[in-house]
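Taken in order, the sequence shown gives residues 11 to 411; the numbers are from my numbering. We put the beta carbon where it would ideally sit given N, CA and C, even for glycine. This structure is a prediction, so every number in the text was calculated from the model and none was measured. Structure record follows, encoded as structure tokens.
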Amino acid sequence: MSHIPPEWCSYASHMAFLRNGMNHMPMIPEDWALHATNLASEWVEQQFLAHIASRPLVPPPPGLDAHTILSCDQLALFMANAYQHPKSGMNDAQEEALLAKFPPTEIITLDHPSMVIDSGYRIILWYILDGLSPWVQNNMYMATIAMGDLLKKSITNRKSSNWRVHGSDFQPAEVPELTPGCINIAPCWFQQGHECYGPPPKNPGDGFRPKVSATMKGDRSLSIIMTMQQPALIASAALRIMHPQLYLASIRTHIKLSHWSAEQELHDMHNLLKHWASIYTRVAIMCNRQSPYHRDQKCPPEAFDILTCIRSYCHAVMQLTNLGIDLVYNPGIMVSYSGLLVRHGIHVDGDLIVWVWFLRDSMPNYAGTPRPDYARYNLVDLDAYKLAKYNQADFVVYGTL
Numbered sequence: 011m012s013h014i015p016p017e018w019c020s021y022a023s024h025m026a027f028l029r030n031g032m033n034h035m036p037m038i039p040e041d042w043a044l045h046a047t048n049l050a051s052e053w054v055e056q057q058f059l060a061h062i063a064s065r066p067l068v069p070p071p072p073g074l075d076a077h078t079i080l081s082c083d084q085l086a087l088f089m090a091n092a093y094q095h096p097k098s099g100m101n102d103a104q105e106e107a108l109l110a111k112f113p114p115t116e117i118i119t120l121d122h123p124s125m126v127i128d129s130g131y132r133i134i135l136w137y138i139l140d141g142l143s144p145w146v147q148n149n150m151y152m153a154t155i156a157m158g159d160l161l162k163k164s165i166t167n168r169k170s171s172n173w174r175v176h177g178s179d180f181q182p183a184e185v186p187e188l189t190p191g192c193i194n195i196a197p198c199w200f201q202q203g204h205e206c207y208g209p210p211p212k213n214p215g216d217g218f219r220p221k222v223s224a225t226m227k228g229d230r231s232l233s234i235i236m237t238m239q240q241p242a243l244i245a246s247a248a249l250r251i252m253h254p255q256l257y258l259a260s261i262r263t264h265i266k267l268s269h270w271s272a273e274q275e276l277h278d279m280h281n282l283l284k285h286w287a288s289i290y291t292r293v294a295i296m297c298n299r300q301s302p303y304h305r306d307q308k309c310p311p312e313a314f315d316i317l318t319c320i321r322s323y324c325h326a327v328m329q330l331t332n333l334g335i336d337l338v339y340n341p342g343i344m345v346s347y348s349g350l351l352v353r354h355g356i357h358v359d360g361d362l363i364v365w366v367w368f369l370r371d372s373m374p375n376y377a378g379t380p381r382p383d384y385a386r387y388n389l390v391d392l393d394a395y396k397l398a399k400y401n402q403a404d405f406v407v408y409g410t411l
């Protein structure tokens with residue numbers, strides 16, 4: 011292992027090595043929701059490191075409530091479990107035609123916390139069973155119920171409609187308080203077709219500017235964001251472990267956009283960003299929607315979407331067709347991957363609520379935040395943990411990123 015840089019002697023050193031390559035992170039004001047998120051995320055990272063190194067656990071920081079502490083502790087434990095079970099190899103198929111030409115040598119089913127890495131040690135997938143505590147699941151459920159009117163308005167039956175909101179892809183709820191639908195929530199984003207992929211113009215009146223999403227333009231917008239804070243914190247803490255560079259870059263983007271909105275006297279946007287607890291710029295809330303096999307074409311390949319799923323369904327399986335992987339999709343699960351690289355789909359019988367935290371290039375570009383590289387597995391740990399290999403021969407030939 012002489013090719014391993016000396017900085018990678020441990021996962022902790024590896025993460026410090028990544029951070030040293032980035033500019034200093036600005037201070038987060040203590041009255042912002044993001045401050046508590048960053049505090050909790052740092053503790054989750056410390057707990058994760060303690061678990062994988064078999065060291066004593068670290069006491070929680072002051073200021074976090076008991077349910078958040080227990081939820082963060084559960085997340086760190088199961089993420090450490092996933093990290094200690096890496097699986098190597100993937101088939102980079104080009105949808106159906108290439109899948110038929112180069113089929114996976116076998117379909118494997120993941121039913122325990124795991125992660126998938128490619129031959130270049132890039133992390134492709136995190137699979138965390140029981141990543142969501144009962145308190146986080148309950149918060150997601152109650153918040154989704156409160157969004158019922160927005161979810162109801164989202165469904166359309168027009169032939170030209172996007173499949174994501176077409177009525178044919180939704181099924182009725184089994185309980186009366188749930189409303190099927192799919193909405194995007196963002197305190198700051200570009201409207202569809204108005205993305206700006208360069209730096210912000212010197213004159214704010216020139217070109218397109220970020221706006222508050224339509225779902226946030228109402229009297230209840232702040233209360234909706236407040237009910238989402240704990241699930242937002244948990245997803246953000248997970249990303250700090252999954253992709254430290256992306257986490258820090260997203261923090262910088264959030265801070266820059268907050269200061270920009272204040273300077274432009276966009277008071278509603280600034281207030282929403284102040285209470286937005288996620289380092290992600292937006293979240294999709296889906297209730298009882300089926301997902302045909304697809305890729306998310308606007309997802310950066312280096313980024314991780316985080317899917318969090320709850321409710322009363324059973325025997326569900328998510329299929330990652332170009333990887334040759336099926337995921338046991340139990341309530342309380344957390345799954346993370348690049349929606350562009352991984353072709354995915356699922357059909358569920360029963361009530362299913364999914365929150366997908368995701369990023370787009372347009373917001374970090376507007377804020378002038380550099381795009382981070384792919385997250386990579388620490389090479390030293392390949393000696394410490396059992397590495398399960400599959401489809402490796404096909405991957406070496408066809409699976410480069």
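Bridge partner(s) assigned by DSSP for Val364: BP columns for Val364 point to Met296 and Cys319.
Stretch pair the segment 284-303 + the segment 235-250: three plus CB contacts closer than 8 angstroms: Touching, per the Cβ criterion.
Any idea if Ser143 is buried or exposed, counting beta-carbon neighbours within 10 angstroms, 16 or more meaning buried? Label assigned to Ser143: buried.
Can you tell me where the alpha helix (DSSP H) with Ile251 in it begins and where it stops? Boundaries of the alpha helix (DSSP H) harbouring Ile251: Gln239 to Met252, taken from the DSSP string.
Count the other CB atoms, across all protein chains shown, that sit within 10 Å of the CB of Asn172; report buried if there are 16 or more and exposed otherwise. Residue environment analysis places Asn172 among the exposed positions, since fewer than 16 neighbouring C-beta atoms fall within 10 angstroms of its C-beta.
Among Pro66, Trp367 and Thr154, the one whose alpha carbon lies nearest that of Ser260: When only C-alpha atoms are compared, the closest one is Trp367.
Return the CA-CA distance between Asp391 and Ile234, expressed in angstroms with no decimal places. The straight-line gap from Cα to Cα measures roughly 41 angstroms.
Consult DSSP for Trp286 and reduce its assignment to one of helix, strand or coil. Coil, per DSSP.
Closest to Val146 by C-alpha separation, out of Thr78, Phe88, Ala86 and Thr263, would be which residue? Proximity to Val146 across Thr78, Phe88, Ala86 and Thr263 peaks at Thr78, based on C-alpha coordinates.
For Thr119, name the three-state secondary structure that DSSP assigns. If DSSP states are grouped into helix, strand and coil, Thr119 belongs with the strands.
When burial is assigned at 16 or more other CB atoms within 10 Å of the CB, is His304 buried or exposed? So His304 ends up on the exposed side.
Using DSSP's beta-bridge definition, name the partner residues of Tyr137. DSSP links Tyr137 through a beta bridge to Ser124 and Val345.
Considering only the alpha carbon of each residue, which of Ser322, Thr47, Ser246 and Leu87 lies closest to Pro66? The residue from Ser322, Thr47, Ser246 and Leu87 with its alpha-carbon nearest to that of Pro66 is Leu87.
Is Ile289 near the ligand MG, going by C-beta to nearest heavy atom under 7 angstroms? Annotation note on the ligand MG: not contained in the displayed structure, which lists no ligands.
Please confirm whether Thr47 and Ser346 have their CB atoms less than 8 angstroms apart. Contact annotation: Thr47 and Ser346 have beta-carbon atoms that are not nearer than 8 angstroms.
Measuring alpha carbon to alpha carbon, tell me which residue in Met89, Pro374 and Trp42 is nearest Pro123. Cα-wise, what sits closest to Pro123 is Met89.
Among all the DSSP beta bridges, which residues are the ones paired with Cys192? Beta-bridge annotation (DSSP): Cys192 is paired with Met296.
Simplified DSSP assignment, three categories, for His45: In the structure shown, His45 sits in a helix (DSSP, three-state: H, G or I).
Can you tell me which of the three DSSP states Arg386 falls into? In the structure shown, the three-state DSSP call for Arg386 is strand.
Contact under 8 angstroms by Cβ, Val222 with Leu282: Yes, they are a contact pair.
Between which residues of its own chain and Pro71 is the CB-CB distance below 7 angstroms, once the five residues before and five after are set aside? Excluding residues within five positions, the ones whose Cβ falls inside 7 angstroms are Leu49 and Trp53.
Pull up the distance between the alpha-carbon of Pro311 and that of Ser51, whole angstroms please. Rounded to whole angstroms, Pro311 to Ser51 spans 23 angstroms at the Cα level.
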